[in-house]
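To keep things clear, I will list the structure first and then write my remarks on it.
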Amino acid sequence: MDGANWNYSDKVKEHFFHPKNILEIDEKEYNADGMGYVGSPACGDMMKIFIKVKDDRIADLKWQTFGCASAIGSTSMLSVMVTENGGMSLDEAWKLTPEMIIDKLGGLPPNKIHCSVLGDKALREAIKDHFKRTGQEDRIAHDDKSRIICNCMNVTEDDIRMEVLEGVKDLKTLQERTKLGTACGKCIDTAKILVDFYVGKYYTEEIYTGNKK
Ligand code: FES
Numbered sequence: 055m056d057g058a059n060w061n062y063s064d065k066v067k068e069h070f071f072h073p074k075n076i077l078e079i080d081e082k083e084y085n086a087d088g089m090g091y092v093g094s095p096a097c098g099d100m101m102k103i104f105i106k107v108k109d110d111r112i113a114d115l116k117w118q119t120f121g122c123a124s125a126i127g128s129t130s131m132l133s134v135m136v137t138e139n140g141g142m143s144l145d146e147a148w149k150l151t152p153e154m155i156i157d158k159l160g161g162l163p164p165n166k167i168h169c170s171v172l173g174d175k176a177l178r179e180a181i182k183d184h185f186k187r188t189g190q191e192d193r194i195a196h197d198d199k200s201r202i203i204c205n206c207m208n209v210t211e212d213d214i215r216m217e218v219l220e221g222v223k224d225l226k227t228l229q230e231r232t233k234l235g236t237a238c239g240k241c242i243d244t245a246k247i248l249v250d251f252y253v254g255k256y257y258t259e260e261i262y263t264g265n266k267k
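Heads up, the sequence shown is in our numbering, so the first residue is 55 and it goes up one at a time.
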């Protein structure tokens, strides 16, 4: 662990050193109702989330990662947030954002924000997997409630926001990753404004503190 990078809140350190809800048995034995698996090209981390669902709520959540301190700290916090007080409903859990987790952690260094997105994405994949296993595919349509910025390539504002959270800092990289603007090109000006907006939002403070200023 590089001591120079320990620009973390006490909450992040607490969850990093004592992570909650790690899967400690074989995943087959756990017998999850939904599993999500994602990797981050930006940091090379991998994350798996397993959920148990009862009465449309998350009754239990376990996770595994090859991740950095931020990925571990934020996923541990996420696991507590979605399971406390009887568990979040699937709809509530679906709407959980990295900002809400970062807020609870007391902030993250900007260059580590992209790692916090892993748990959030894996959770959504696990919920999708549960919907597929239980014949509720229609509920997956929630996915893209945010407005579409690039009609040709079907890229939403939320996709752009998530790309920035994962480390994209300019339009060119966004285009390489999403193909936004590569057909008619009408969306490019709006997309540039949004990239600049989210980069400003997430990467200008020394420690990004979520929604609270
Ligand atoms: S709207 Fe984005 S390329 Fe056409």
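No residue lacks a Cβ here, since even glycine has one placed at the ideal position from N, Cα and C.
Member of the options whose CA lies at the smallest distance from the CA of residue i
i: Glu81; options: Asp64, Asp109 and Leu115; result: Leu115
i: Asp212; options: Arg111, Val171, Thr258 and Met131; result: Val171
i: Thr129; options: Lys74, Lys233 and Asp145; result: Lys74
i: Met101; options: Ser133, Asp87 and Arg111; result: Ser133
i: Thr236; options: Val222, Asn205 and Gly88; result: Asn205
i: Thr119; options: Ile247, Gly221, Thr188 and Gly173; result: Gly173
i: Thr258; options: Lys223, Thr244 and Gly239; result: Lys223
i: Ala113; options: Glu230, Leu144 and Ile202; result: Leu144
i: Thr244; options: Ser63, Asn85, Thr210 and Asp157; result: Thr210
Any non-hydrogen atom of the ligand FES within 7 angstroms of residue i CB
i: Thr236; result: yes
i: Cys169; result: no
i: Asn208; result: no
i: Cys204; result: yes
i: Lys246; result: no
i: Gly93; result: no
i: Gly239; result: yes
Distance between beta carbons of residue j and residue i, contact taken as under 8 angstroms
i: Leu219; j: His168; result: 6 angstroms
i: Lys175; j: Val92; result: 5 angstroms
i: Lys65; j: Gly160; result: 5 angstroms
i: Asp87; j: Arg187; result: 7 angstroms
i: Leu177; j: Val136; result: 7 angstroms
If contact is defined by three or more beta carbon pairs under 8 angstroms, each pair taking one atom from either stretch, is the stretch 100–113 in contact with the stretch 176–187? yes
Measuring CB atoms only, is the stretch 208–225 touching the stretch 249–257, in the sense that at least three cross pairs come out at less than 8 angstroms? yes
Touch test, the stretch 145–153 against the stretch 69–78, Cβ-Cβ under 8 angstroms, three pairs minimum: no
In chain order, each beta strand (DSSP E) run of at least 3 residues that lies wholly inside the stretch 183–246: 202–204
Just checking, does the stretch 61–75 make contact with the stretch 117–136 on the three C-beta pairs under 8 angstroms criterion? yes
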